[in-house]
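A.B. asks: Shown below is the structure under consideration.
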Amino acid sequence: MKKALVILTLLLLVLSCGSKEFDNPDALWKYIKNPENSYLQEKTIKGVDYKLLYKPHDLLVNQELGSTVNDSLIKKYRDKYKNYLYFTLSMSKSGHELLSHLARDRNKFGAMVNELAFGMERNVHVYTPKKDTLPMTDFIYPRMYGMSGSTSILFVYPKRAEDLKGKHLNFTIQDLGFNTGEVKFKVPTEIIKKEVGLKFE
Numbered sequence: 008m009k010k011a012l013v014i015l016t017l018l019l020l021v022l023s024c025g026s027k028e029f030d031n032p033d034a035l036w037k038y039i040k041n042p043e044n045s046y047l048q049e050k051t052i053k054g055v056d057y058k059l060l061y062k063p064h065d066l067l068v069n070q071e072l073g074s075t076v077n078d079s080l081i082k083k084y085r086d087k088y089k090n091y092l093y094f095t096l097s098m099s100k101s102g103h104e105l106l107s108h109l110a111r112d113r114n115k116f117g118a119m120v121n122e123l124a125f126g127m128e129r130n131v132h133v134y135t136p137k138k139d140t141l142p143m144t145d146f147i148y149p150r151m152y153g154m155s156g157s158t159s160i161l162f163v164y165p166k167r168a169e170d171l172k173g174k175h176l177n178f179t180i181q182d183l184g185f186n187t188g189e190v191k192f193k194v195p196t197e198i199i200k201k202e203v204g205l206k207f208e
């Protein structure tokens, strides 16, 4: 009886260590937007609100699939996205995009637009506790023209096993002209290694 109990306990531990899968995107979004689950982190420095979200790749797969879902397409898009890390960085001041606060100064406004559109590889860095820097694969900054409550940028990095050996990755943002100094987040590698996903039907 004791042996059976030990085996059952070990089996439950193994199952609990696996990645979670959700039945629909709304449930997955709700889970990752709960700061207790470590996918979302928030900081406010000098009146600037920062939100960093680690985005599971199944959310990008879901966007690609749209209304067409079949096993071959799921595999195709998972193979396309699974080897990268996706971070969404949102920044706002007083509930508005960062650019909204520079609209009266044409020079500063133009410089900020240029930085957000073309220079974020100089301003954002991801590195391991051993100071090994991950090369940025890409970043996407959609201009919202004041229609959004924040400035949001998607950052893409390679997903490499050697970078995930430590307990966390450091995600840093240089001062973008709001006297915040460098802003730093620690992203637990556990949420990357056991990334939550979707049950596609």
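Going by the working numbering, 36 is the number at position 29 of the sequence shown; the sequence numbering is gapless.
Using N, Cα and C, we set each Cβ at its ideal position, and we do this for glycine too.
Between the beta-carbon of G149 and the beta-carbon of S45, is there less than 8 Å?
C.D. replies: The residue you call residue 149 lines up with position 142 of the sequence shown. The residue you call residue 45 lines up with position 38 of the sequence shown. Per the sequence shown, residue 149 should be read as Pro rather than Gly. Not in contact: P149 and S45 (Cβ atoms no closer than 8 Å).
A.B. asks: Would you report the Cα separation of F75 and S99, rounded to the nearest angstrom?
C.D. replies: Here residue 75 refers to the residue found at position 68 of the sequence shown. Here residue 99 refers to the residue found at position 92 of the sequence shown. Reading off the sequence shown, one finds Thr at residue 75, where the question assumed Phe. Each residue's Cα considered, the two are about 35 Å apart.
A.B. asks: Taking only the alpha-carbon atoms, compute the straight-line gap between A124 and E28 and give it to the nearest angstrom.
C.D. replies: Start at 1 with the first residue of the sequence shown, and residue 124 comes out as number 117. Start at 1 with the first residue of the sequence shown, and residue 28 comes out as number 21. One C-alpha to the other measures close to 34 Å.
A.B. asks: Taking the straight line between their C-alpha atoms, what separation do you get for I180 and H103?
C.D. replies: Working through the sequence shown from its first residue, we reach residue 180 at position 173. Working through the sequence shown from its first residue, we reach residue 103 at position 96. When rounded, the distance between both Cα atoms is 19 Å.
A.B. asks: Quick check on F207: does DSSP put it in helix, strand or coil?
C.D. replies: Reading the sequence shown from its first residue, position 200 is the one you call residue 207. Residue state, collapsed to three classes: coil.
A.B. asks: Tell me whether the stretch 130-149 and the stretch 63-83 touch, counting them as touching only if at least three CB pairs, one residue from each stretch, are closer than 8 Å.
C.D. replies: With the cut-off at 8 Å, the stretch 130-149 and the stretch 63-83 do not touch.
A.B. asks: Should V13 go down as buried or exposed, given a rule of 16 or more other Cβ atoms within 10 Å for buried?
C.D. replies: For the purposes of this step, residue 13 is identified with residue 6 of the sequence shown, where counting begins at 1. Low per-residue confidence applies at V13: pLDDT is 38, beneath 50, and the placement is therefore not dependable, though the value from the model is reported in the following sentence. Exposed, since its Cβ has fewer than 16 Cβ neighbours within 10 Å.
A.B. asks: Taking only the alpha-carbon atoms, compute the straight-line gap between S101 and E49 and give it to the nearest angstrom.
C.D. replies: As a first step, residue 101 is located in the sequence shown; it is residue number 94 there, counting from the start. As a first step, residue 49 is located in the sequence shown; it is residue number 42 there, counting from the start. Going from the Cα of S101 to the Cα of E49 covers about 15 Å.
A.B. asks: May I ask you to report which of helix, strand or coil DSSP gives P142?
C.D. replies: By one-based count along the sequence shown, residue 142 stands at place 135. DSSP places P142 in coil when its eight states are reduced to three.
A.B. asks: Going residue by residue through the stretch 36-97, where are the continuous beta strand (DSSP E) segments of at least 3 residues, counting only ones entirely within it?
C.D. replies: Segments of the beta strand (DSSP E) lying fully in the stretch 36-97: 47-52 and 55-61.
A.B. asks: Taking C-alpha atoms, which residue in V203, I198, K166 and N186 lies nearest to Y88?
C.D. replies: As a position in the sequence shown, residue 88 is number 81, starting the count at 1. Looking at the Cα atoms, K166 is the closest of the given residues.
A.B. asks: Between which two residues does the beta strand (DSSP E) containing K200 stretch?
C.D. replies: In the sequence shown, counting from the first residue as 1, residue 200 sits at position 193. Segment E197 to K200 is the alpha helix (DSSP H) holding K200; no beta strand (DSSP E) there.
A.B. asks: Using C-beta distances below 7 Å, list every residue in its chain close to H132, excluding the 5 sequence neighbours before and after it, in chain order.
C.D. replies: In the sequence shown, counting from the first residue as 1, residue 132 sits at position 125. Cβ within range, chain order: T140 and T179.
A.B. asks: Nearest to K206 by alpha carbon, out of D86, L66, L60 and T144?
C.D. replies: Looking up residue 206 in the sequence shown gives position 199. Of the listed residues, the one whose Cα sits closest to K206 is L66.
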